[in-house]
Each structure stands twice: as C-alpha cells, then as structure tokens.
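Numbering (my numbering), first residue to last: -14 to 174.
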C-alpha cells in the first residue's frame, strides 16, 4: 500500500476570486511542483492550509485515495443525521411542555361568571341543581387539591411523557445509528 501526499491549499485565481483545492502526489517534492504549476497558471497568494499523508490501495488513483481519507471529520450525511436528531429533540421537548401547559391550564373556571355560565350550560334553568353546581365549583376553585381532575391531569401528563419519550427516542436513536454507520463506513473505504 503506497502513501500519497495531499496538500490542501487556498489561493486567488486569475480573476481575483478566492479558490481552494487539493493537490496529490506520491511525494512532497512532486506535490510542491504541482503547487508551483498553479503559480505558473496565474494563481496568486497560494497558502498550503495543511498536508496529509494518506494510504493508497493498489489500483486506486491518488485522487480517490485523497477523497476517501482527507475529508477528515464527519461525512456530510452523518452531520445531517446529528443535526436532525438535535432538531427532533428540541421539537419533542417543546411539544411535551406545551402539552403539560395545555393539560394543566385546561378549563377549571374560577371567576363567578365563568362558574355560572358553565353550570347553566349543564343544568339550564333548574334552580336547585344550578345552586348545587355553583357551590361545588366554588368549593373546588378554593381547594384545587380536592378536585378529582388533579389525578386525571397527573395520569394525562405521565402518559404524555411516555408517549413523547417514545416519539423522541426511536427517531433519535435511529438517526444516531445511521450517523455512526456512515462515519465508520467512510473510514473503512
């Protein structure tokens, strides 16, 4: 297995536009010769950002060897998977807490007008039932811990939590597994 020298450079082309690229050669002298050729072609302000030594498999061109190893870091697809996992995590956190707020604040009327209105919807003009309903709701508003809704809210929030955990867990784990597979696969090439 041969090694290839890869220089990553930045320069300014003939029109003054910034450019960057790589030159590959079997040794440092030839790589420097290629940089010199760029100068002769009109490239200016050439700076070598970094040099890499990569393994070249038998029958593989210098360019292919360089592409498979010099990229360094994480492949783009793996980075996209990580970004999607983070975004999905944020969406799930926001969704869960929005649900908690919605369940917690869901309609226990506390003002006398709201209590009266709700009781009228249920009992109409039945005065005795209306009076009982209003008293019960006023008592519930004064002592919220006595409301049976507290237990129902707790159950709803707990079930919601597990639902959101599942909704978050499987996609995020899947994306991370894909990202790891892509990264490992690109290093084996």
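We put the beta carbon where it would ideally sit given N, CA and C, even for glycine.
Remember, predicted model here, so these are calculated numbers, not experimental data.
Use the C-beta contact count for residue 50: other C-beta atoms within 10 angstroms, 16 or more gives buried, fewer gives exposed. Taking the chain shown and counting its residues from 1, one reaches residue 50 at position 65. With a pLDDT of 45 at residue 50, under the threshold of 50, the predicted position of this residue should be treated as unreliable, though the coordinate-derived value follows. The C-beta of residue 50 has 16 or more other C-beta atoms within 10 Å across all chains shown, which makes the residue buried.
On the three-pair Cβ rule with 8 Å, is the region 77 to 88 touching the region 159 to 173? Not touching, per the Cβ criterion.
Are the CB atoms of residue 20 and residue -8 nearer to each other than 8 Å? The residue labelled residue 20 in the question sits at position 35 within the chain shown. The residue labelled residue -8 in the question sits at position 7 within the chain shown. Their beta carbons are under 8 Å apart, which means residue 20 touches residue -8 by this criterion.
Excluding the five sequence neighbours on either side, which residues of its own chain have a C-beta within less than 8 Å of the C-beta of residue -6, listed in chain order? In the chain shown, counting from the first residue as 1, residue -6 sits at position 9. Cβ-Cβ distances below 8 Å link residue -6 to 5, 6, 7, 8, 20, 23, 31, 32, 33 and 34 in the same chain, with the five nearest sequence neighbours on each side left out; the list follows chain order.
Once you ignore the five residues that flank residue 199 on each side, which residues in its own chain have a CB closer than 6 Å to its CB? Here the chain covers residues -14 to 174 and nothing more, so residue 199 does not appear.
Cα-Cα separation between residue 3 and residue 62, rounded to whole angstroms: As a first step, residue 3 must be located in the chain shown, where it is residue number 18. As a first step, residue 62 must be located in the chain shown, where it is residue number 77. Residue 62 has its alpha-carbon roughly 26 Å from the corresponding atom of residue 3.
Reference residue 87; option with closest CA among 139, 72, 27 and -10: Along the chain shown, read from residue 1 onward, the residue named residue 87 stands at position 102. Of the listed residues, the one whose Cα sits closest to residue 87 is 139.
Cα-Cα separation, residue 107 to residue 76: On the chain shown, position 122 is the one that residue 107 refers to. On the chain shown, position 91 is the one that residue 76 refers to. Cα-Cα distance, rounded: 38 Å.
Under a three-way DSSP split, which group does residue 102 fall into? Position 117 of the chain shown, counted from the start, is the residue given in the question as residue 102. Of the three classes helix, strand and coil, the one that applies to residue 102 here is helix, per DSSP.
Could you name the residues that DSSP lists as bridge partners for residue -8? Here residue -8 is taken as the residue at index 7 of the chain shown, counted from 1. Answer is 8 and 36.
Are the beta-carbon atoms belonging to residue 67 and residue 164 less than 8 Å from one another? Start at 1 with the first residue of the chain shown, and residue 67 comes out as number 82. Start at 1 with the first residue of the chain shown, and residue 164 comes out as number 179. One thing to note: residue 67 has its Cβ within 8 Å of the Cβ of residue 164.
Between the CA atoms of residue 124 and residue 98 - distance to the nearest angstrom: On the chain shown, position 113 is the one that residue 98 refers to. On the chain shown, position 139 is the one that residue 124 refers to. Roughly 15 Å separates the two Cα atoms.
Measuring straight from C-alpha to C-alpha, what distance separates residue 103 and residue 152? Numbered from 1 along the chain shown, position 118 holds the residue referred to as residue 103. Numbered from 1 along the chain shown, position 167 holds the residue referred to as residue 152. Residue 103 and residue 152: Cα-Cα distance of roughly 36 Å.
If you reduce the DSSP assignment to three classes, tell me which class residue 25 lands in. In the chain shown, residue 25 corresponds to position 40, counting from 1. Correct three-state label for residue 25: helix.
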